[in-house]
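Heads up: the sequence lines are chains A and B, in that order.
Under my numbering, think of the first position of the first sequence as 12, with each following residue one higher.
Under my numbering, think of the first position of the second sequence as 17, with each following residue one higher.
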Amino acid sequence: MDALFEPLSYAFFNKGLIVATLSGALLGFIGVFIVLRGMSYIGHGLSHSIFGGFAASQLFAAQFYMLGAGLWGVASAIAITTVARKGRVGADAAIGVITTASFALGVALFAKFGTSGPSFENALFGSILGISVQQIIGLVAVSVFAALFVFLRYRALIFSTFDPDVADVSGVRVARLEAMLMIVLSLAILATLTVIGVTLVAAMLVIPAVIGRMLTDSFGKMLAWSTGIGLFCGFVGMYASYYAGVPSGTMIVLVGAAIFVIVLAVTGGRGLRRSAGLDKHHDVAELAPVVTR
Amino acid sequence: MTGTGVGEILLSLNHVSARYDKQIVLSHVDFHVHEDQFTGIVGPSGAGKTTLLRLLLGTLKPCEGSMTTEPDLRVAYVPQLETVDWNFPITVFECVLMSRTHGRRMPWASGSERARVMTVLDRLGIADLAQRHIRELSGGQQQRMFLARALLREPQLLLLDEPTSGVDVSTRHDILHLLGDLHEDGVAIVLTTHDLNGMAAHLPHLVCVNSRIVADGSPAEVITPEVLEETFGARMEVLEHLGMLVVVDGAPVIRADAPVPPTPLTFPENI
Chain A
12 MDALFEPLSY
22 AFFNKGLIVA
32 TLSGALLGFI
42 GVFIVLRGMS
52 YIGHGLSHSI
62 FGGFAASQLF
72 AAQFYMLGAG
82 LWGVASAIAI
92 TTVARKGRVG
102 ADAAIGVITT
112 ASFALGVALF
122 AKFGTSGPSF
132 ENALFGSILG
142 ISVQQIIGLV
152 AVSVFAALFV
162 FLRYRALIFS
172 TFDPDVADVS
182 GVRVARLEAM
192 LMIVLSLAIL
202 ATLTVIGVTL
212 VAAMLVIPAV
222 IGRMLTDSFG
232 KMLAWSTGIG
242 LFCGFVGMYA
252 SYYAGVPSGT
262 MIVLVGAAIF
272 VIVLAVTGGR
282 GLRRSAGLDK
292 HHDVAELAPV
302 VTR
Chain B
17 MTGTGVGEIL
27 LSLNHVSARY
37 DKQIVLSHVD
47 FHVHEDQFTG
57 IVGPSGAGKT
67 TLLRLLLGTL
77 KPCEGSMTTE
87 PDLRVAYVPQ
97 LETVDWNFPI
107 TVFECVLMSR
117 THGRRMPWAS
127 GSERARVMTV
137 LDRLGIADLA
147 QRHIRELSGG
157 QQQRMFLARA
167 LLREPQLLLL
177 DEPTSGVDVS
187 TRHDILHLLG
197 DLHEDGVAIV
207 LTTHDLNGMA
217 AHLPHLVCVN
227 SRIVADGSPA
237 EVITPEVLEE
247 TFGARMEVLE
257 HLGMLVVVDG
267 APVIRADAPV
277 PPTPLTFPEN
287 I
């Protein structure tokens with residue numbers, strides 16, 4: 012029991028534990044929609060893209076670098092969607108070009124000008140050091156916003172995820188919902204970036220959701236499982252990070268990977284059959300109503 | 017002008033053309049849907065059947081011409097089964113309920129919604145499957161589930177994309193009867209089909225499409241070798257069996273060791 016309570020005597024760990032647990036839950040929650048829409052690659056790309064905004068914003072407006080990074084992320088999401096919908100460049104290529112260019116810009120800016128915020132390594136792999144109360148408040152605010160968005164638009168989100176064409180015909184504003192989801196995703200990535208890290212955020216969007224899918228055939232239960240597993244990964248990963256002396260993001264993801272292996276062993280073929288097809292990659296343009304063609 | 021009905025016009029396409037990128041898929045189509053319409057759109061692959069359906073749905077904007085719709089028209093759409101992600105984590109009940117996106121926005125179903133969904137499922141004979149995952153349904157049951165989802169919207173116009181594609185003969189009959197019943201209840205129906213014998217010949221009104229409307233009318237008027245050749249680009253024979261039209265496509269296959277037929281066969285041209 013000492014092992015459980017001893018780290019809690021440090022204020023930085025308490026803050027880190029709150030942020031990691033909430034981050035895991037938030038990413039697991041949003042991840043269900045991202046994975047079922049085949050948008051995992053977009054989540055991966057956006058986290059890298061936001062890194063560029065993260066680095067650039069610190070140079071020009073150090074106090075508002077989170078806001079700047081968030082705007083950068085939303086702008087990247089809109090740019091990806093726009094380029095892909097024009098049809099001249101495929102979605103994969105659009106994500107590849109825009110997000111990696113943004114990431115490369117971030118690396119260059121970090122290398123050239125340094126940072127007034129988190130170190131380069133901490134931004135990439137996450138850190139529990141230096142978490143401010145404002146960051147915790149920001150994460151709570153994003154989590155509440157994401158939960159409210161899903162609660163109020165639950166049916167429309169399921170409908171547009173399952174069958175966007177028919178949803179559009181049935182009065183669901185699919186394009187608007189899609190844009191809102193991208194904004195929520197950008198905010199979630201931004202709010203969790205400091206603890207999980209740029210390179211590992213995408214993993215926490217995907218792993219809990221895939222495990223949740225392996226455990227159930229119900230959308231509602233998948234949402235609950237994924238959120239719970241994300242929360243558990245954040246909590247246990249933080250302790251593992253403390254005792255192993257490695258970045259928090261890596262341990263959170265490794266806990267998720269371990270749960271995945273256990274669930275795979277327990278559910279066997281049934282779990283694999285349920286999760287089959289999650290790797291199908293939706294073209295961004297396909298996610299929009301057909302009128303955009 | 018196309019339409020069986022004499023009732024009020026629900027939706028009109030006026031001299032409409034549609035294209036994907038720069039390629040024109042449909043040109044100068046006039047199509048009117050009346051409130052008592054029951055029409056099948058037939059044509060070869062790539063002829064523009066689904067494009068015409070999408071124009072009617074409003075999910076594809078015409079590049080030329082205009083479309084007029086009765087205000088507050090309730091349209092429901094049943095997609096092709098092949099386009100559905102059957103691994104999506106959802107039960108039959110949840111799938112049918114998802115069409116209720118207006119009004120109450122709680123994630124869970126209210127008591128009245130639950131009762132309404134079960135009534136529709138019961139009407140379609142799949143109430144006992146409500147809690148099954150959608151992957152566990154047969155082709156016919158899947159089609160019924162989507163019909164239930166469409167009916168929950170209480171549509172004035174029901175559009176279906178290849179409703180009998182990939183289902184067995186018995187299920188096809190069931191679907192035809194179901195659609196007939198819905199039409200009798202006052203729902204206008206427009207569907208696409210490539211199944212000339214199993215589906216199209218049983219419908220009261222057909223529209224033949226091949227980048228334009230080639231012909232429209234009753235099966236007796238439309239299912240003729242001349243119209244079919246113009247629509248499908250291949251000559252087909254039309255026979256009559258027990259009062260039903262039967263389309264025979266493709267050249268007869270003659271084995272080398274087959275006995276010589278009593279009368280010479282005439283082979284259609286262009287096959």
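All C-beta atoms, glycine included, are put in the ideal place defined by N, C-alpha and C.
Being a predicted model, the structure only gives us computed values, none of them experimental.
For Phe248(B), the enclosing alpha helix (DSSP H) has its first and last residue at Pro241 to Phe248. With a threshold of 16 other beta carbon atoms within 10 Å, Met260(B) falls short and is exposed.
A straight-line Cα-Cα distance of about 43 Å links Leu244(B) and Ala104(A). Taking C-alpha positions only, Gln146(A) is separated from Ile200(A) by approximately 13 Å. Thr75, Leu76, Lys77, Val91, Ala92, Tyr93, Val94, Pro95, Thr99 and Val100: these are the residues of the region 75-100 of chain B whose beta carbon lies less than 9 Å from some beta carbon of chain A, given in chain order. Between the beta-carbon of Ser33(B) and that of His44(B) there is about 6 Å, and that keeps the pair under the 8 Å contact cut.
Setting aside the 5 residues that flank it on each side, Phe62(A) is surrounded in the same chain by Phe114, Gly117 and Val209, each with a C-beta closer than 6 Å to its C-beta; the list follows chain order. Within 7 Å of the CB of Gly182(A), the CB atoms of chain B belong to Thr117 and His118, in sequence order along the chain.
Inter-segment contact for the region 42-58 of chain A and the region 211-219 of chain A is present: three or more beta-carbon pairs are separated by less than 8 Å. Distance from the Cα of Tyr21(A) is smallest, within the candidate group Val161(A), Ile139(A) and Leu38(A), for Ile139(A). Between Val206(B) and Ile57(B) a beta carbon distance of about 7 Å is seen, short of the 8 Å cut, so the two are scored as contacting. At a beta-carbon threshold of 9 Å, the residues of chain B lying near Met233(A) are Pro105, ordered along the chain. Interface annotation, Leu47(A): in contact with chain B, CB-CB separation under 9 Å. Rounded to the nearest whole angstrom, the CA to CA distance from Asp201(B) to Gly49(A) is 40 Å.
For the pair Val133(B) and Phe162(B), the Cα-to-Cα distance works out to about 12 Å. Listed by position along chain B, the residues whose Cβ is nearer than 9 Å to that of Tyr165(A) are Arg121, Met122, Pro123 and Trp124. At least one CB atom of chain A sits nearer than 9 Å to the CB of Met114(B). By the neighbour-count definition (other C-beta atoms within 10 Å, threshold 16), Asp228(A) is a buried residue.
Non-local beta-carbon contacts of Glu256(B) in its own chain, meaning distances under 8 Å to residues more than five positions away in sequence, involve Val262 in chain order. Under the 9 Å criterion on CB atoms, Glu178(B) is classed as non-interfacial with respect to chain A. Here the alpha carbons of Lys65(B) and Asp265(B) stand approximately 20 Å from one another. The distance from the Cβ of Gly42(A) to that of Ser259(A) is about 18 Å, inconsistent with a contact at the 8 Å cut-off. A straight-line Cα-Cα distance of about 11 Å links Ala112(A) and Ser87(A). The beta carbon of Glu242(B) sits no closer than 9 Å to any beta carbon of chain A. Counting only the Cα atoms, Phe109(B) lies some 23 Å from Leu173(B). Of the residues assessed, Val85(A) falls on the buried side of the cut-off, its CB having 16 or more other CB atoms within 10 angstroms. Its Cα nearest to that of Asn103(B), the residue Arg148(B) stands out among Arg148(B), His218(B), Lys77(B) and Pro123(B).
Around the beta carbon of Ser234(B), fewer than 16 other beta carbons sit within 10 angstroms, so the residue counts as exposed.
Taking a contact as a CB-CB distance under 8 Å, the pair Leu140(B) and Ala164(B) counts as one, their CB atoms being some 5 Å apart. If you keep only unbroken beta strand (DSSP E) runs of at least 3 residues inside the region 89-139 of chain B, you get 91-94.
With its beta carbon at least 9 Å from every one in chain B, Phe271(A) lies outside the interface. Residues of the same chain with a CB within less than 6 Å of the CB of Leu226(A), apart from the 5 flanking positions on each side, are Trp236 in chain order.
Taking C-beta separations shorter than 8 Å and ignoring five residues to either side along the sequence, the partners of Gly155(B) in its chain run Leu97, Gly182, Val183, Asp184 and Thr187, following chain order. In this structure, the CA atom of Tyr36(B) is about 10 Å from the CA atom of Leu42(B). Within the same chain, Cβ atoms closer than 6 Å to the Cβ of Ala202(A) are found at Gly149, Leu150 and Val153, the five residues on either side in sequence being excluded. Closer than 9 Å to the CB of Arg160(B) there is not a single CB belonging to chain A.
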